[in-house]
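Protein chains in written order, with our numbering: chain F, 37 to 513; chain R, 116 to 338.
Every residue gets a Cβ at the ideal spot worked out from N, C-alpha and C, and that includes glycine.
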Amino acid sequence: MWGERTFQAFREAARQALSDGQIQQALRGATGRFREERVHALQDLPDADGLRDRLKAIRAATLARLAEHLTTFERNATAAGARVHWARDGAEAIAIILALAKERQVRTVAKSKSMTAEEINLNPALEAEGIRTVETDLGEWIVQLAQEHPTHIIAPAIHKTREQVAALFSEVAGEPLPPDNIPALTATARRLLRDVFLTADMGITGVNIAVAETGSIVLVTNEGNGRMVTTLPRVHVAIMGVEKVVPTWEEAAVWLQLLARSATGQPLSIYTSILTGPARAEDPDGPEEMHIIILDNGRSRLVGTEYEEVLQCIRCGACLNVCPVYRKVGGQTYGSPYSGPIGAVVTPLLFGLDRYFALPHASTLCGACLEVCPVRIDLPRMLLSLRRDVAERGLLPARDRKLEQGIAWLMRHPRLYRWVMRGVRLLQRPFVREGRLHLPAPLHFAAGRDVPALAPRSFMELWRATEQQHADGSPSM
Amino acid sequence: MTTPRETILQHLHRRLRSVLPARGWDSPRTFPDLTARFAQTLQAVKGEVYQVGSWSQALARVSELLDALAASRVVVNPDPPLDQVAWSKRWPERSWFVVGQTSGSLREFCARADVGISGAMAALAETGSIVVGSGPSHSRMATLLPPVHIALVATTVLVPDLFAWIRTRPHSMPAALTIISGPSKSADIEQTLAVGVHGPRRFIVVLYDDEHASGTGGARDAR
Ligand code: SF4
């Protein structure tokens, strides 16, 4: 189960990640590489910025008429032979999948990476019913073996070292595997998981894009596990959030053109699977049944609100890689399948602000996420709105609330404010080094961080001095 | 009692707003040499590309590749003109499964095959991709389970990019279309590239100039 993130819980998790040298190194390496490759991939396009504007317009227009596009999708997917199910929340989605699995006496499920399945905690629910559930994306499998959670939307196991992976694989393989040989580790995974693909009765996937005009779903993977689990097992179950739909292929192409480029810097993922219904009577292979679960889980109530924009996300992970907070604290710290800037916004919206109120504060509001987002989602704006909600709902700890109320009161009394500031400027002197305040431990109010010192002269003072100069007739510039 | 479907749709219906639909993207992209761009992009991700002048040269190249791979079990998706080749007569020393044949189990053969051979209904120059489809005698497993996938692709099916292909996509979609852009890969262990995780380790495209046929492979009503 995913955790809560109160301020205390967030700080505690962040502290752990910050003091873990391995995690720090892994984060630095991985996010740096993703950032560089994204830039190259977008430079290759003749008009990447125009394309991003178009994707934004497409996502916004689709959300405005979401009910229509979903019903069109449902009609066409059904016509192609798929069965479409609707689930208001995770519990309903799980109940549908369990019923399908039981009716068909499913013993083994092969899963391809799906954030939506993570979101509803599907695996433990299946395991509890005695259904063996195996993640087949290499990174997801590593995380599953370690009994942990994915820590990056695109690279679930970026926090694991090769030594840790070798130890995990050795245990499953029943023979010691050397950590220095990554191709051999990969080959072992290939061998062990091949058996799973061939014996699984049900394949479960997410959905990257659902295309209404043909009732198709699109799945992208690099390893080929997405193809495996939609080819070999008898039954394919796909879970999608309501927001994943586009009206036509024209729009889907824009999405695909930006997805892999923004995520990993590839022109396209290695495999883009376009699935329209189960195998036809004349097909030599493919699943006999295809089920598509359309999941709401808190999304539809965001439509038409100031947070609707968050539903435009295509889950590329680009905002994680540029975020100064994510790059230090990593995915674990967010206590949610969705981490980084997008996670800080979408997690409290989907799973409850009262459980995750620290997340909107886990940002410097630097705007780097907005800069790289292929859909130009204004995450900083929504982070601020959520902070307002946190304050309005009285979720701030009493100490912070008192402090902020005090400051607000002070700011409403300009003369007093000026006097206090002058006083602070005097008092801070012994502690200022290179423009930063180094307070001794008991006085440290910023949770271990150094904060900038007050400037020797306030803006008001500078302003007044400049005006004075003008009045004296001596132009200063 | 309202069903989940009704609840969700009612919710969304209440928030319907009128908008102008956003259009797709008229890709401005063209390449002076589609073949060159295709080869360059695919090779950059460790795909292999051979360019030959004719169909018969393409088959000769396949023969060399099968020798070099010491392939003993080969599965073929007989997209035209691959359906005109008498595979087991021509290479009797190997065992063949031509998809659509009634004898034997496709699944068992594919699970132990060394090479899968297919055509392609389209190829995208920008991304170095080929498109294969499911359909009668078009197996999904044949291009997925064997460790090597050889695709015989006519240069006539090359288009500049995804947007150009979308315009010519099959009117009625087959159950599965796959856009393949390289050999299977992963960077999940310490961001180190590893090739051949679940899908084929080697992805070899033999590009040939086609004198007569148009697109091969995939659904019949492809274009
Ligand atoms: S918010 Fe934007 S950058 Fe972040 S994952 Fe979503 S689409 Fe990508």
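Cut-off 6 Å between Cβ atoms - residues of its own chain near residue 160 of chain R, not counting five sequence neighbours on either side: By 1-based counting over the second sequence, the position of residue 160 of chain R is 45. Around residue 160 of chain R: 297.
Distance, residue 416 of chain F Cα to residue 422 of chain F Cα: Locating residue 422 of chain F in the first sequence gives position 386, where the first residue counts as 1. Locating residue 416 of chain F in the first sequence gives position 380, where the first residue counts as 1. Spanning the two alpha carbons is a distance of roughly 10 Å.
Give the straight-line distance between the Cα atoms of residue 262 of chain F and residue 432 of chain F, rounded to the nearest whole angstrom. Stepping through the first sequence from its first residue, residue 262 of chain F is reached at position 226. Stepping through the first sequence from its first residue, residue 432 of chain F is reached at position 396. The straight-line gap from Cα to Cα measures roughly 43 Å.
Which residues, taken in chain order from the region 138 to 150 of chain R, show a beta carbon closer than 9 Å to some beta carbon of chain F? 138, 139, 140, 142, 143, 144
Are residue 238 of chain R and residue 245 of chain R touching if we call contact CB-CB under 8 Å? Working through the second sequence from its first residue, we reach residue 238 of chain R at position 123. Working through the second sequence from its first residue, we reach residue 245 of chain R at position 130. Yes, the Cβ-Cβ distance between residue 238 of chain R and residue 245 of chain R is below 8 Å.
Would you identify the three-state DSSP class for residue 346 of chain F, choosing helix, strand or coil? Translated into the one-based positions of the first sequence, residue 346 of chain F becomes position 310. Reduced to three states, the DSSP call for residue 346 of chain F is helix.
Residue 95 of chain F beta carbon less than 8 Å from that of residue 411 of chain F: Working through the first sequence from its first residue, we reach residue 411 of chain F at position 375. Working through the first sequence from its first residue, we reach residue 95 of chain F at position 59. Yes, the Cβ-Cβ distance between residue 411 of chain F and residue 95 of chain F is below 8 Å.
Using a Cβ cut-off of 8 Å, which residues of the region 147 to 179 of chain F contact any Cβ in chain R, in chain order? Considering only beta carbons, the part of the region 147 to 179 of chain F lying closer than 8 Å to chain R consists of 172, 173, 174, 175, 178, in chain order.
At which residues does the alpha helix (DSSP H) containing residue 445 of chain F begin and terminate? Locating residue 445 of chain F in the first sequence gives position 409, counting from the first residue. DSSP places residue 445 of chain F inside the alpha helix (DSSP H), whose first and last residues are 434 to 447.
Contacts of residue 309 of chain F in chain R (Cβ-Cβ under 7 Å): Taking the first residue of the first sequence as position 1, residue 309 of chain F is located at position 273. The contacting residues are 291, 293.
So the candidates are F/266, F/225, F/216; which of them puts its Cα closest to the Cα of residue 175 of chain F? In the first sequence, the residue the question calls residue 175 of chain F occupies position 139. Residue 175 of chain F has its Cα closest to that of F/225, out of F/266, F/225, F/216.
Contact list for residue 244 of chain R against chain F, beta-carbon separation under 7 Å: As a working mapping, residue 244 of chain R is identified with position 129 in the second sequence. Per Cβ cutoff of 7 Å: 304.
Cutting at 7 Å between CB atoms, please list the residues of its own chain near residue 98 of chain F, excluding the five before and the five after it. For the purposes of this step, residue 98 of chain F is taken as the residue at position 62 of the first sequence. 105, 281, 282, 283, listed in sequence order.
Run through chain R and tell me which residues come within less than 8 Å of residue 283 of chain F, C-beta to C-beta. For the purposes of this step, residue 283 of chain F is identified with residue 247 of the first sequence, where counting begins at 1. Within 8 Å Cβ-Cβ: 136.
Residue 131 of chain R at chain F interface by Cβ criterion, 8 Å: Position 16 of the second sequence holds residue 131 of chain R. With 8 Å as the cut-off, residue 131 of chain R counts as an interface residue toward chain F.
Proximity test, Cβ basis, 8 Å: residue 276 of chain F and chain R: Translated into the one-based positions of the first sequence, residue 276 of chain F becomes position 240. So no, residue 276 of chain F is outside the interface.
Spatially closest choice to residue 130 of chain R from F/305, F/103, F/92, F/135, by CA coordinates: Numbered from its first residue, the second sequence carries residue 130 of chain R at position 15. Considering only alpha carbons, the answer is F/103.
Taking 8 Å as the CB-CB cut-off, is residue 208 of chain R touching chain F? Against the second sequence, residue 208 of chain R aligns to sequence position 93. Chain F contact via Cβ: absent.
Is residue 194 of chain F near the ligand SF4, going by C-beta to nearest heavy atom under 7 Å? Along the first sequence, one-based indexing puts residue 194 of chain F at 158. No; taking the cut-off as 7 Å, the Cβ of residue 194 of chain F has no heavy atom of the ligand SF4 nearer than that.
Mind listing, in chain order, the continuous beta strand (DSSP E) runs of no fewer than 3 residues lying wholly within the region 147 to 191 of chain R? 163 to 167, 188 to 191
Measuring only the C-alpha atoms, how far is residue 350 of chain F from residue 408 of chain F? Numbered from its first residue, the first sequence carries residue 350 of chain F at position 314. Numbered from its first residue, the first sequence carries residue 408 of chain F at position 372. A direct Cα-Cα distance of roughly 13 Å separates residue 350 of chain F from residue 408 of chain F.
May I ask you to check if the CB of residue 298 of chain F is nearer than 7 Å to at least one heavy atom of the ligand SF4? Here residue 298 of chain F corresponds to residue number 262 of the first sequence, with the count starting at 1. Indeed, a heavy atom of the ligand SF4 lies less than 7 Å from the Cβ.
Less than 8 Å between the CB atoms is what I'm expecting for residue 319 of chain F and residue 249 of chain R, so what's the real figure, rounded? The residue given as residue 319 of chain F occupies position 283 in the first sequence. The residue given as residue 249 of chain R occupies position 134 in the second sequence. The Cβ separation is near 5 Å, so the contact holds.
C-alpha distance - residue 168 of chain R paired with residue 323 of chain R, whole-angstrom precision: Within the second sequence, numbered from 1, the residue matching residue 168 of chain R stands at position 53. Within the second sequence, numbered from 1, the residue matching residue 323 of chain R stands at position 208. C-alpha separation (whole angstroms): 6 Å.
Span of the beta strand (DSSP E) holding residue 188 of chain F? Translated into positions along the first sequence, residue 188 of chain F becomes position 152. Careful: residue 188 of chain F lies outside any beta strand (DSSP E) and carries neither H nor E.
Whole angstroms is fine: what's the gap from residue 491 of chain F's alpha carbon to residue 471 of chain F's? Here the question's residue 491 of chain F lines up with position 455 in the first sequence. Here the question's residue 471 of chain F lines up with position 435 in the first sequence. Whole-angstrom Cα-Cα distance: 8 Å.
Since I believe residue 142 of chain R is in contact with residue 279 of chain R (beta carbons under 8 Å), could you give me their beta-carbon distance rounded to a whole number of angstroms? Numbered from its first residue, the second sequence carries residue 279 of chain R at position 164. Numbered from its first residue, the second sequence carries residue 142 of chain R at position 27. Contact flag correct, Cβ pair sits at about 7 Å.
Taking only beta-carbon positions, decide if residue 161 of chain R is within less than 8 Å of chain F. For the purposes of this step, residue 161 of chain R is taken as the residue at position 46 of the second sequence. Closer than 8 Å: no.
Between the region 82 to 91 of chain F and the region 495 to 511 of chain F, can you find at least three pairs of beta-carbon atoms closer than 8 Å? no
According to the neighbour-count rule (16 or more other Cβ atoms, all chains shown, within 10 Å of its Cβ), is residue 189 of chain F buried or exposed? The residue given as residue 189 of chain F occupies position 153 in the first sequence. Residue 189 of chain F comes out buried.
Is there a Cβ from chain R that is less than 8 Å from the Cβ of residue 322 of chain F? In the first sequence, residue 322 of chain F corresponds to position 286, counting from 1. Output row for residue 322 of chain F: interface = yes.
Please confirm if residue 337 of chain F has its CB atom under 8 Å from at least one CB of chain R. As a working note, residue 337 of chain F is residue 301 in the first sequence. Closer than 8 Å to some Cβ of chain R, the Cβ of residue 337 of chain F qualifies, so yes.
Please state if the CB of residue 214 of chain R and the CB of residue 254 of chain R are separated by a distance shorter than 8 Å. Residue 254 of chain R sits at position 139 when you count from the first residue of the second sequence. Residue 214 of chain R sits at position 99 when you count from the first residue of the second sequence. Contact flag set, yes.
How would you list, in chain order, the residues of chain R whose beta-carbon sits under 8 Å from the beta-carbon of residue 83 of chain F? If you number the first sequence from 1, residue 83 of chain F lands on position 47. Neighbours of residue 83 of chain F on chain R, chain order: 143.
In angstroms, rounded to a whole number, what distance separates the CA positions of residue 302 of chain F and residue 370 of chain F? In the first sequence, the residue the question calls residue 302 of chain F occupies position 266. In the first sequence, the residue the question calls residue 370 of chain F occupies position 334. Spanning the two alpha carbons is a distance of roughly 27 Å.
Taking just the CA atoms, how far does residue 172 of chain R sit from residue 63 of chain F? Within the first sequence, numbered from 1, the residue matching residue 63 of chain F stands at position 27. Within the second sequence, numbered from 1, the residue matching residue 172 of chain R stands at position 57. Cα to Cα, residue 63 of chain F sits roughly 49 Å from residue 172 of chain R.
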